[in-house]
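Asker: Numbering (full-length UniProt numbering), first residue to last: 1 to 161. The structure follows.
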Amino acid sequence: MYSLHQERPDDLWEVEALYDLCFAPGRELLSSYRLRDGVSPVSELCRVAKDDGGSIGGAIRYWPVRVGSAQLLLLGPVAVHPTAQGEGLGAALIRDTLERARALEWGRVLLVGDEPYYRRFGFSKIEGVQMPPPTNPERVLALELHPGAWQGVTGEVARKA
Numbered sequence: 001m002y003s004l005h006q007e008r009p010d011d012l013w014e015v016e017a018l019y020d021l022c023f024a025p026g027r028e029l030l031s032s033y034r035l036r037d038g039v040s041p042v043s044e045l046c047r048v049a050k051d052d053g054g055s056i057g058g059a060i061r062y063w064p065v066r067v068g069s070a071q072l073l074l075l076g077p078v079a080v081h082p083t084a085q086g087e088g089l090g091a092a093l094i095r096d097t098l099e100r101a102r103a104l105e106w107g108r109v110l111l112v113g114d115e116p117y118y119r120r121f122g123f124s125k126i127e128g129v130q131m132p133p134p135t136n137p138e139r140v141l142a143l144e145l146h147p148g149a150w151q152g153v154t155g156e157v158a159r160k161a
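Right, here's the structure in full:
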């Protein structure tokens with residue numbers, strides 16, 4: 001049984017080990033990591049799923065980025081330990097944090113991922129918003145947390161100013 005918690009500073013190494021386990025070597029070389037360099041994540045949206053013994057089975061983080069003057073969230077990474085996959089932890093982390101982001105009055109969320117998976121949370125391909133290369137534009141997905149939040153927002157995604 002897992003429960004969701006705010007990520008704490010002492011969770012850092014276990015979360016990083018989980019990301020290392022779940023993603024290919026060199027994950028820090030991806031363009032999305034350039035948007036995170038030197039920028040703190042949105043701490044209120046960094047969550048972990050812990051089992052009864054306190055071990056982390058899943059984790060999610062969000063980062064502040066911008067498109068022009070529009071502020072938005074970059075979701076990711078989200079990961080679930082291989083032994084806990086298929087239990088709905090990833091979906092629970094995503095749903096929980098999207099509701100928290102809405103309550104914190106964020107309007108827009110962006111991610112790079114598989115549309116068939118993220119569609120169930122309301123994400124869809126966005127036109128006119130470009131992640132830094134080399135990112136496949138077919139994998140750039142967006143979600144409005146408030147109606148019309150993406151209206152008129154176009155351009156390159158950049159680090160938080």
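Even for Gly, the Cβ is constructed at its ideal location relative to N, Cα and C. All figures in this text were calculated on a predicted structure; none of them were measured in a lab.
Is DSSP giving Val80 helix, strand or coil here?
Answerer: As a position in the sequence shown, residue 80 is number 80, starting the count at 1. If DSSP states are grouped into helix, strand and coil, Val80 belongs with the strands.
Asker: Rank Arg102, Thr135, Val157, Glu138 by C-alpha distance to the C-alpha of Leu45 and give the top, closest one.
Answerer: The residue you call residue 45 lines up with position 45 of the sequence shown. Ranking the options by Cα distance to Leu45, first place goes to Arg102.
Asker: Please classify Phe23 as buried or exposed, where buried requires at least 16 neighbouring CB atoms within 10 angstroms.
Answerer: What you label residue 23 is simply residue 23 of the sequence shown in a count that begins at 1. The residue in question, Phe23, is exposed, as its Cβ has fewer than 16 Cβ neighbours within 10 Å.
Asker: Pick helix, strand or coil for Asp96, following the three-state DSSP scheme.
Answerer: Here residue 96 corresponds to residue number 96 of the sequence shown, with the count starting at 1. Helix, per DSSP.
Asker: Got a sec, what are the start and stop residues for the beta strand (DSSP E) Pro64 sits in?
Answerer: By 1-based counting over the sequence shown, the position of residue 64 is 64. 56-67 is the extent of the beta strand (DSSP E) around Pro64.
Asker: So, Arg139 versus Gly155, is the Cβ gap smaller than 9 Å?
Answerer: Locating residue 139 in the sequence shown gives position 139, where the first residue counts as 1. Locating residue 155 in the sequence shown gives position 155, where the first residue counts as 1. It is not a contact, given that the beta carbons lie outside the stated cut-off.
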